[in-house]
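In what follows, a single structure is set out as structure tokens and then discussed.
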Amino acid sequence: MEGQGDLIWSAATGGPWPDPGLAGGDARFMALALRAATAGVGLSSPNPPVGCVLERDGRVLGTGVHLQAGGPHAEVLALADALDRGESPAGATAYVTLEPCCHQGRTPPCTAALLRAGVARVVVGVRDPNPRVAGGGIAALRGRGVAVTEGVLGGACAAFHAPFFKFMTRGLPWVTFLLAPREPGPASRRIGLALRRCADAVVIGRRTAEVHDPDLQDGWPAPAPPHRVLRRVVLDPEARLDPFRRAWRPLEGQPSLRATLEVAQVLRGVEDLRPGPGPGGLCLDALLRGLAARGAGRVLFEGGEELARTLMAQGLVDEFHRFRPPGPLEPPYRDPLLRWAGRPRLRVAIPGGNWEILGQYPQLQAGRVS
Numbered sequence: 142m143e144g145q146g147d148l149i150w151s152a153a154t155g156g157p158w159p160d161p162g163l164a165g166g167d168a169r170f171m172a173l174a175l176r177a178a179t180a181g182v183g184l185s186s187p188n189p190p191v192g193c194v195l196e197r198d199g200r201v202l203g204t205g206v207h208l209q210a211g212g213p214h215a216e217v218l219a220l221a222d223a224l225d226r227g228e229s230p231a232g233a234t235a236y237v238t239l240e241p242c243c244h245q246g247r248t249p250p251c252t253a254a255l256l257r258a259g260v261a262r263v264v265v266g267v268r269d270p271n272p273r274v275a276g277g278g279i280a281a282l283r284g285r286g287v288a289v290t291e292g293v294l295g296g297a298c299a300a301f302h303a304p305f306f307k308f309m310t311r312g313l314p315w316v317t318f319l320l321a322p323r324e325p326g327p328a329s330r331r332i333g334l335a336l337r338r339c340a341d342a343v344v345i346g347r348r349t350a351e352v353h354d355p356d357l358q359d360g361w362p363a364p365a366p367p368h369r370v371l372r373r374v375v376l377d378p379e380a381r382l383d384p385f386r387r388a389w390r391p392l393e394g395q396p397s398l399r400a401t402l403e404v405a406q407v408l409r410g411v412e413d414l415r416p417g418p419g420p421g422g423l424c425l426d427a428l429l430r431g432l433a434a435r436g437a438g439r440v441l442f443e444g445g446e447e448l449a450r451t452l453m454a455q456g457l458v459d460e461f462h463r464f465r466p467p468g469p470l471e472p473p474y475r476d477p478l479l480r481w482a483g484r485p486r487l488r489v490a491i492p493g494g495n496w497e498i499l500g501q502y503p504q505l506q507a508g509r510v511s
């Protein structure tokens, strides 16, 4: 059974994911690859956090996770891990959550590495939507005699890589909204930090900055990986927030970002973004595209109902998390979050259509847009 920390992490990455101990055959090793891939969330953007497991005769030979854009891909790391263990990958099966790349980018194509290693079979969770791949990786492997099986745990892999799919096809980051609890406490703070750990940017409104004065610290335990960047953004259309708020203080050498419409007082360590006017003050679609251009594939909004309503009315929320007081849970169609959007577009991210409650923490609803 997973611990509470694992449950929070699973929710933050869209899970929970299939249990390798309960799956058999190909599904077992793809579940292991999915579980491994979660280690790359919050580190690999704008690339996807791909997981790879090498297997032969029912034994895991090596495991790899893509942890940094420009760094080795999961397949290459899994091959290296096998060699480090004294295992030959020749004749093995590679389980990859996302189709192996077949083009030269900042790193060589993974298909070439798999072919050189003599991998006999590749099991792919889901195809890569990148136009430079888009089935080409599978075709390249099959063209060289490698057996390829597609769609093993395809739904789970597609759900896990949904943020990358959106980033690649629409040029927008995956948006998670955390509805701030009325009475924050240690448990809510811990879950908030877990969600920040998965994000590339965290955004709050001016009122949240005034009332709660959060420091927006990263969720990564110190020291964070050197390339880890959490962009901190404050929505301040009229540039009215005073310069003494903790959100303005640079963390880990990274400046804060102020989204504003005004030519405002220059704040030390603060960079201004000008997304233009829109519903509720700022054009949030333009803001999100600007963050995507900076490499943010996942953006976490933390705030109250007004900000949630504005985002949801524009169809900009992909996933939400919120605390609830003890008591019976409402069916999704009765939830006020649905009424904000004006149509029943939200569903939970787990099978069965029931709200997820995380361990012994306060009750927490976690949902995704269908």
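According to our numbering, the stretch in the sequence shown is residues 142 to 511, in order. The C-beta atom is built at its ideal place from N, Cα and C for all residues, glycine as well.
Q. Nearest-angstrom Cα distance between R331 and D356?
A. Cα to Cα, R331 sits roughly 14 Å from D356.
Q) Smallest Cα separation from L408: which of R338, R390, G259 and P418? A) Selected option, being the one with the closest Cα: R390.
Q.
Please identify the residue among G232, G199, A254 and E228 whose C-alpha is closest to the C-alpha of A215.
A. A254
Q: Would you tell me roughly how many angstroms separate the C-alpha atoms of A380 and L398, rounded to the nearest one?
A: 12 Å
Q) Does any CB atom of chain D fall closer than 7 Å to the CB of S229? A) Structure shown: chain D not included; a single protein chain is present.
Q. For D426, which beta-bridge partners are listed by DSSP?
A. BP columns for D426 are empty, so no partner.
**Q.** Distance between beta carbons of R372 and D413, contact taken as under 8 Å
**A.** D413 to R372, Cβ: 14 Å. No contact.
(Q) What does the alpha-carbon distance come out to for the pair T252 and A177? (A) 20 Å
Q | Whole-angstrom distance between V404 and G295, CA atom to CA atom | A | Cα-Cα distance, rounded: 48 Å.
Q. Where does T317 fall in DSSP's three states?
A. strand
Q | Beta-bridge partners of S397, as assigned by DSSP | A | DSSP output for S397 lists V411 as bridge partner(s).
Q) Of all the beta strand (DSSP E) runs that stay within the bounds of the stretch 365-398, which reach a length of 3 or more residues? A) DSSP runs (the beta strand (DSSP E)) wholly in the stretch 365-398: 372-376.
Q.
Using only the alpha-carbon positions, how far apart do A172 and L256 sit?
A. 23 Å
**Q.** Beta carbon of A180 nearer than 7 Å to that of L313
**A.** no
Q. Quick one: is G227 buried, meaning 16 or more other Cβ sit within 10 Å of its Cβ, or exposed?
A. exposed
Q.
Going by C-alpha to C-alpha distance, which of L382, L457 and G211 sits closest to R347?
A. L382
Q. With DSSP run on the structure shown, which of helix, strand or coil describes H244?
A. Note: H244 maps to coil in three-state DSSP.
Q | Residue range of the alpha helix (DSSP H) that includes A297 | A | G295 to F301
**Q.** Those residues which DSSP pairs with C339 across a bridge
**A.** In the DSSP output, where bridge partners are listed per residue, C339 has none listed.
Q. Going by the CB atoms, is the gap between D426 and R386 shorter than 7 Å?
A. no
Q | For T234, the first and last residue of its enclosing beta strand (DSSP E) | A | Run containing T234: T234 to L239, per the beta strand (DSSP E) assignment.
Q | C-beta atoms of G421 and T451 nearer than 7 Å | A | Judged by their CB atoms, G421 and T451 are nearer to each other than the 7 Å cut-off.
(Q) Let me confirm a value: G192 is counted as buried when at least 16 other C-beta atoms fall within 10 Å, else exposed. Which label applies? (A) By the neighbour-count criterion, in which a residue is buried when 16 or more other Cβ atoms sit within 10 angstroms of its Cβ, G192 is buried.
Q: Answer yes or no: do F318 and F442 have a C-beta to C-beta separation smaller than 7 Å?
A: yes
**Q.** A299 versus G360 - alpha carbon distance
**A.** Near 25 Å, if we compare the C-alpha coordinates of G360 and A299.
Q | Own chain, CB closer than 7 Å to P250, minus 5 neighbours either side, in chain order | A | C242, C243 and H244
Q: Could you tell me the distance, in whole angstroms, from the CA atom of P503 to the CA atom of G326?
A: Summary for P503: the model assigns pLDDT 42, below 50, so the residue's position carries little reliability; its value from the coordinates is reported in the next sentence. When rounded, the distance between both Cα atoms is 10 Å.
(Q) Suppose contacts are defined by Cβ-Cβ distances below 7 Å. Is A400 in contact with V374 by that definition? (A) yes
Q: Please classify D198: is it buried, with 16 or more other beta-carbons within 10 angstroms of its beta-carbon, or exposed?
A: Around the beta carbon of D198, fewer than 16 other beta carbons sit within 10 angstroms, so the residue counts as exposed.
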